[in-house]
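Protein chains in written order, with the numbering used here: chain W, 1 to 94; chain R, 1001 to 1137.
Right, dumping it as structure tokens:
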């Protein structure tokens, strides 16, 4: 089960398992983001390269207009994989 | 253990269930679950996306060998598609020039200990081995 929600403070919450079968769900939500924002990974258990691609595409689109996503509360596995992918240079990760 | 799955992203939940069953049978610690799920998903979805000609289900075989796990995916009646020859992603590129695709195989290479591809009689087989950390067994 995967969900993406946007809070009243515009913080984006990812939850569950973000695998290749969930790309359309995530893209539909993230395509609506037009300003800088924070993505909270607290409830995200798993993400594969398909999900990472959606985040990268969103970051590239936002950076083109001077905005960016900041990623927070990544679990150890996700933090390690984001490091292998060089995402620590693409996103501010806190 | 081998199971066959329809070549569709919708097979992923069944594949993850199969990995969980394999890990329980072999008493592999849950700390190894993330990397096994990631490796199998990346290899399976690559075949779904890029392997040409395949109409049959894809076989996924998991086996435990002493301190390692072997993952083997077999794709039947397909053109040759050697995943081991795909180029690495340049992770040092600036964000704006980074490509969105190609990351999966790059990350699998970082996570596994061996990765081979065989092709014969229109059957492609990808085999990886992953050594388990002491905490994983």
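Ideal Cβ positions, reconstructed from N, Cα and C, are used throughout, including at glycine.
Residue 103 of chain W at chain R interface by Cβ criterion, 7 Å: For residue 103 of chain W there is no data in the structure shown, the boundaries of chain W being 1 and 94.
Three-state secondary structure (DSSP) of residue 32 of chain W: Residue 32 of chain W sits at position 32 when you count from the first residue of the first chain. Three-state result, residue 32 of chain W: coil.
Contained alpha helix (DSSP H) runs [length at least 4] in the region 1083-1131 of chain R, N- to C-terminal order: Contiguous alpha helix (DSSP H) elements confined to the region 1083-1131 of chain R occur at 1103-1111, taking only those with 4 or more residues.
Touching by the beta-carbon criterion (3+ pairs, under 8 Å), the region 1090-1098 of chain R and the region 32-51 of chain W: Too few Cβ pairs lie closer than 8 Å, so no.
Three or more C-beta pairs below 8 Å linking the region 1045-1057 of chain R and the region 1018-1035 of chain R: Judged by Cβ distances under 8 Å, the region 1045-1057 of chain R makes no contact with the region 1018-1035 of chain R, as fewer than three pairs qualify.
First through last residue of the alpha helix (DSSP H) which encompasses residue 85 of chain W: In the first chain, residue 85 of chain W corresponds to position 85, counting from 1. Here residue 85 of chain W belongs to no alpha helix (DSSP H), and DSSP marks it neither H nor E.
Cβ-based contacts, 7 Å cut-off: residues of the region 1028-1059 of chain R near chain W: 1034, 1037, 1038, 1041, 1042, 1045
Host alpha helix (DSSP H) of residue 1014 of chain R (start-end): Here the question's residue 1014 of chain R lines up with position 14 in the second chain. First-last of the alpha helix (DSSP H) with residue 1014 of chain R: 1012-1025.
Residue 1059 of chain R - DSSP class collapsed to helix/strand/coil: The sequence position of residue 1059 of chain R within the second chain is 59, counting from 1. Judged by DSSP in its simplified three-state form, residue 1059 of chain R adopts strand.
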